[in-house]
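K.L.:
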Amino acid sequence: MSLEIKVPPVGESISEVTLSNWVKNDGDHVEMDDVIAELESDKATFELTAEAAGTLRTAAKEGDVLPIGAVVCSIESGEAATPSAEKVPVKEVSSTIEPAGADAPKVANAP
């Protein structure tokens with residue numbers, strides 16, 4: 005499942021922001037409330053936080069000017085977030101159990 009993270013409204017008179025810095029990189033695992041990017045408006049700089057845990061997928065580049073409501077990135081959770089495991093060949097093990105014969109040690113019976 006993928007959750008889109010959008011530019012939040014930051015004030016009545018502000019219609020766009022600049023993505024000034026990615027704090028996390030594309031493909032990084034993030035936890036809920038981790039700071040993932042810094043956005044800058046005419047009046048202030050603020051932090052964009054992860055709204056869920058998962059793998060970060062960036063949709064904008066540093067320096068991009070984004071309107072309020074634009075998708076900045078997405079966070080993939082569940083199976084989509086886990087990188088596919090490298091397939092490792094499984095070695096088949098065969099074992100032969102031999103019945104106890106004359107060579108088997110004798111166990112003394114307790115009186």
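Basically our numbering = 1-based index in the sequence shown + 4.
For glycine and all other residues, C-beta sits at the position ideal for the given N, C-alpha and C.
1. Which value, in whole angstroms, describes the spacing of the CA atoms of T62 and D30?
2. What does the alpha-carbon distance come out to for the pair K154 and V27?
3. Comparing alpha-carbon positions, which option in M36, E16, I18 and E51 lies nearest S24?
4. Does the structure place the region 33–46 close enough to the region 54–70 that three or more beta carbon pairs sit under 8 Å?
5. In whole angstroms, give me the CA-to-CA distance for E8 and V75.
6. Using the rule of at least 16 other Cβ atoms within 10 Å of the residue's Cβ for burial, across every protein chain shown, is V69 buried or exposed?
7. How far does the beta strand (DSSP E) with E8 in it extend, from its first residue to its last?
8. Mind reading off the beta-carbon distance from V21 to E44? Whole number of angstroms is fine, and I expect it under 8 Å.
9. Please name the residue, chosen from K65, D38 and C77, that lies closest to V11 on a Cα-to-Cα basis.
10. Taking S17 as the reference, give the member of G82, P71 and S81 with the closest Cα.
P.N.:
Taking the coordinates as given:
1. Taking the first residue of the sequence shown as position 1, residue 62 is located at position 58. Taking the first residue of the sequence shown as position 1, residue 30 is located at position 26. If you take the alpha carbons of T62 and D30, they lie about 5 Å apart.
2. No statement about residue 154 is possible, as the shown extent of the chain runs from 5 to 115 and does not include it.
3. Along the sequence shown, one-based indexing puts residue 24 at 20. Nearest of M36, E16, I18 and E51 to S24, Cα basis: E51.
4. In short, these stretches touch, since the Cβ pair count reaches three.
5. On the sequence shown, position 4 is the one that residue 8 refers to. On the sequence shown, position 71 is the one that residue 75 refers to. For E8 and V75, the distance between alpha carbons rounds to 6 Å.
6. Here residue 69 is taken as the residue at index 65 of the sequence shown, counted from 1. Exposed, because fewer than 16 other Cβ atoms sit within 10 Å of the Cβ of V69.
7. Within the sequence shown, the letter at position 4 stands for residue 8. Residues S6 to K10.
8. In the sequence shown, counting from the first residue as 1, residue 21 sits at position 17. In the sequence shown, counting from the first residue as 1, residue 44 sits at position 40. Rounded, the Cβ-Cβ distance is 6 Å, consistent with contact.
9. Residue numbering aside, residue 11 sits at position 7 when the sequence shown is read from its first letter. With distances taken between Cα atoms, V11 lies closest to C77.
10. If you number the sequence shown from 1, residue 17 lands on position 13. Here the closest residue by C-alpha is P71.
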